[in-house]
Amino acid sequence: MNMLHRACAILLALTATAAYGQTVTLPQVKNAGGSNVPSGAAVLTDSSGIEKGTAANPLAVATNGKQETFALVTANAPATAATTYGGSYVVSQSCATYGTVTVRYRGPDGATMLTMLTKTSADSTGGTLVSLASSAIVDATVSGTTGCNVTLARVP
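The number in the numbering used here is simply the position in the sequence shown, starting from 1, with 30 added.
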């Protein structure tokens, strides 16, 4: 809920500082052949083909806010490998008794799981930030732990 409050505060601040109804003009993108590249299905353009947007009718903006969470280990039992969307993720883990928690990703050979990070104690900052490629395959292993849970959550 705290994140929602922050987002609302930022939105209100931006709305209050922007001149309502002001036209925003973006430069036209051209391909290698010099032709204009359309950036969306429905955009406003002026007579020169430059895209325009207004506060009442803004240009479409692609968002990459996909959310996903994987339980890599639950009650000290590792799950099967997970295929991620890609981007920034937070790895969080907690165990009743610590040994070694290892988070791995599938290497370029398509078979070998390579170590991404190893933990031997509790997270003091809420997790570890990692970056993953699109369709990265990730799993976790535990050794000498009890009551261990490991999650991987995408940062939208």
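For every residue, glycine included, the Cβ atom is placed at its ideal position computed from N, Cα and C.
Option nearest residue i by Cα separation, candidates the options
{"i": "D153", "options": "A109, A101, K96, V131", "result": "V131"}
Through-space distance from residue j to residue i, alpha-carbon basis
{"i": "R134", "j": "K60", "result": "41 Å"}
{"i": "T150", "j": "T171", "result": "12 Å"}
{"i": "A141", "j": "A126", "result": "32 Å"}
{"i": "N138", "j": "S161", "result": "This sequence places Pro at residue 138; Asn is not what is there. Near 16 Å, if we compare the C-alpha coordinates of S161 and P138."}
{"i": "P108", "j": "V185", "result": "22 Å"}
{"i": "Y128", "j": "K96", "result": "32 Å"}
{"i": "G177", "j": "A112", "result": "21 Å"}
{"i": "T110", "j": "D169", "result": "7 Å"}
{"i": "A105", "j": "G64", "result": "58 Å"}
{"i": "A71", "j": "S118", "result": "Note that A71 has pLDDT 47, beneath the 50 cutoff, so the model's placement of it is unreliable and the number below is only indicative. The alpha-carbon atoms of A71 and S118 are separated by roughly 29 Å."}
{"i": "V121", "j": "T175", "result": "17 Å"}
{"i": "R136", "j": "S124", "result": "23 Å"}
Whether residue i touches residue j by CB criterion (7 Å)
{"i": "G116", "j": "S173", "result": "no"}
{"i": "T158", "j": "L147", "result": "yes"}
{"i": "T99", "j": "A183", "result": "yes"}
Per DSSP, the bridge partner or partners of residue i
{"i": "Y128", "result": "Paired residues: none, contrary to the question."}
{"i": "N179", "result": "S124"}
{"i": "D153", "result": "D153 pairs with nothing; no bridge assigned."}
{"i": "L159", "result": "V120"}
Rounded distance between the beta-carbons of residue j and residue i, thought under 8 Å
{"i": "L102", "j": "T155", "result": "That pair is no contact at about 19 Å."}
is_contact[residue i, chain C] using C-beta, thresh 7 Å
{"i": "A107", "result": "This model lacks chain C altogether; it includes just one protein chain."}
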